[in-house]
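Numbering (our numbering), first residue to last: 66 to 427. The beta-carbon is built from N, C-alpha and C at its ideal position, and this holds for glycine as well. Single-structure report; data block below.
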């Protein structure tokens, strides 16, 4: 198949540091090429596209690290490139949440969207109700709950290239926290777990004071606790050592986590998880086999004391069985074929808005 992958422009493909969606675009592209597919990636100009794929660069470098304040114009320009080149593809796969929906509705080429973020936002029912003919893919079953009536074409758990995440036989005595310092990630709970269990907490976190000034001001003093070691934002080159040498990775999320790449990155290194029961967590963690699912800090502390019961080989085995890029690519190929053959999701054009119906909207 001739497949277009449309990446968001916030990070490069793959991301230089923190970045989930762009990482998935990179690994999905590489896996699809390995399966014999012809893939073209639309992404930021500073991207390093996997060998064998084609590249249509955007006008801008990755927006977050270049300091771009308004992300809408660069995306609109990229979407126009997609529109002009659409007849070169059998299917167009968008990873840009809802920004592209007006364009996708007008395309002659079949299109599908993967939704990577949270869906329990106020305007989403109206947005996805309006564009209800367009097929969507979720990254977990739990993610779908706020939008049960969306046009779901399938669910595909993420898979990642673990060539940079070798298996580690044992940890080095500390707990790991990898993510963003935002309210939904529960960093302060990770600190409390470490405090109460007497463990060192190593923190590799992306800090966004412009987006969350009050929260960052509130938790910043915790980074100076004697048992907390703040490493900073890290890329793929440092994740193996950071996660693999930990006794456990803490995932104390306080929101409906759509997926959580750090969970499968941790499993790839053999490091078990201690994760709060939110969002996709029960779909990823196998209690007693690859970690523990807990309800609160008290249960998390008990889980730390039980880590010796987890065989780290089971963590890597579970990753290899469920979260590889090849499995992800095969899942998407099935969805692409179903959409292109019209077996599940027939494209329905919206009704033309006449003057009479327009007056009824006022």
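Through-space distance from residue j to residue i, alpha-carbon basis
i	j	result
residue 244	residue 173	39 Å
residue 99	residue 362	43 Å
residue 408	residue 401	For residue 408, the predicted structure reports a pLDDT of 48, less than 50, and the residue's modelled location is therefore unreliable. A value from the coordinates is still provided. Each residue's Cα considered, the two are about 11 Å apart.
residue 156	residue 386	28 Å
residue 203	residue 211	12 Å
residue 176	residue 302	34 Å
residue 337	residue 354	8 Å
residue 443	residue 228	The structure shown does not extend to residue 443, since the chain is modelled only from 66 to 427, so the question has no answer here.
residue 242	residue 255	7 Å
residue 292	residue 259	8 Å
residue 266	residue 257	10 Å
residue 85	residue 76	9 Å
residue 374	residue 234	14 Å
residue 115	residue 87	12 Å
residue 190	residue 284	33 Å
residue 144	residue 194	22 Å
residue 209	residue 356	24 Å
residue 405	residue 282	50 Å
residue 192	residue 214	12 Å
residue 376	residue 230	18 Å
residue 398	residue 198	20 Å
Residues near residue i in its chain [Cβ-Cβ closer than 6 Å; skip 5 each side]
i	result
residue 381	232, 335
residue 219	202, 400
residue 396	221
residue 427	Residue confidence for residue 427 is low, a pLDDT of 45 falling below 50, so the modelled location carries little weight; the figure read from the coordinates is stated next. If we look at residue 427 and ignore the five residues flanking it on each side, it has no Cβ neighbours.
residue 94	70, 104, 106, 115, 118
residue 414	Note that residue 414 has pLDDT 48, beneath the 50 cutoff, so the model's placement of it is unreliable and the number below is only indicative. Contacts found: none.
residue 317	251, 254, 255, 341
residue 295	268, 288
residue 433	Outside the displayed span of the chain (66 to 427) sits residue 433, for which this structure offers no information.
Residue i versus the options, residue with shortest Cα-Cα distance
i	options	result
residue 315	322, 340, 299	340
residue 118	210, 132, 68	68
residue 80	112, 95, 226	112
residue 261	271, 234, 290	290
residue 133	109, 85, 326	109
residue 239	131, 227, 372, 78	372
residue 253	286, 228, 234, 222	286
residue 250	344, 379, 219	344
residue 388	89, 271, 138	89
residue 263	367, 199, 183	367
residue 403	230, 200, 214	200
residue 130	271, 152, 151	271
residue 319	360, 295, 288	360
residue 153	214, 66, 230	66
Whole-number beta carbon distance between residue j and residue i, since they are thought to touch under 8 Å
i	j	result
residue 313	residue 369	7 Å
residue 384	residue 333	5 Å
residue 269	residue 236	Rounded, the Cβ-Cβ distance is 15 Å, inconsistent with contact.
residue 346	residue 364	At roughly 13 Å, the Cβ-Cβ gap does not stay under 8 Å, so residue 346 and residue 364 are not in contact.
residue 348	residue 207	7 Å
residue 223	residue 82	Not a contact, Cβ separation roughly 18 Å.
residue 104	residue 91	Actually they are not in contact, since the Cβ atoms of residue 104 and residue 91 sit about 11 Å apart, beyond 8 Å.
CB of residue i within 8 Å of CB of residue j, strictly
i	j	result
residue 96	residue 393	yes
residue 128	residue 74	yes
residue 342	residue 329	no
residue 71	residue 159	yes
residue 162	residue 146	no
residue 137	residue 390	no
residue 164	residue 140	yes
residue 168	residue 183	no
residue 142	residue 121	no
residue 178	residue 324	no
Beta carbon proximity, residue i to chain B, threshold 8 Å
i	result
residue 308	In the structure shown, chain B does not exist; there is a single protein chain.
Cβ shell of residue i (< 8 Å), same chain only, five flanking positions each side left out
i	result
residue 247	273, 276, 277, 280
residue 378	232, 335
Neighbourhood of residue i by C-beta distance below 7 Å, restricted to the same chain and skipping five residues each side
i	result
residue 425	Residue confidence for residue 425 is low, a pLDDT of 48 falling below 50, so the modelled location carries little weight; the figure read from the coordinates is stated next. Nothing listed; no residue qualifies.
residue 196	166, 170
residue 436	Here the chain covers residues 66 to 427 and nothing more, so residue 436 does not appear.
residue 352	358
residue 102	66, 68
residue 135	none
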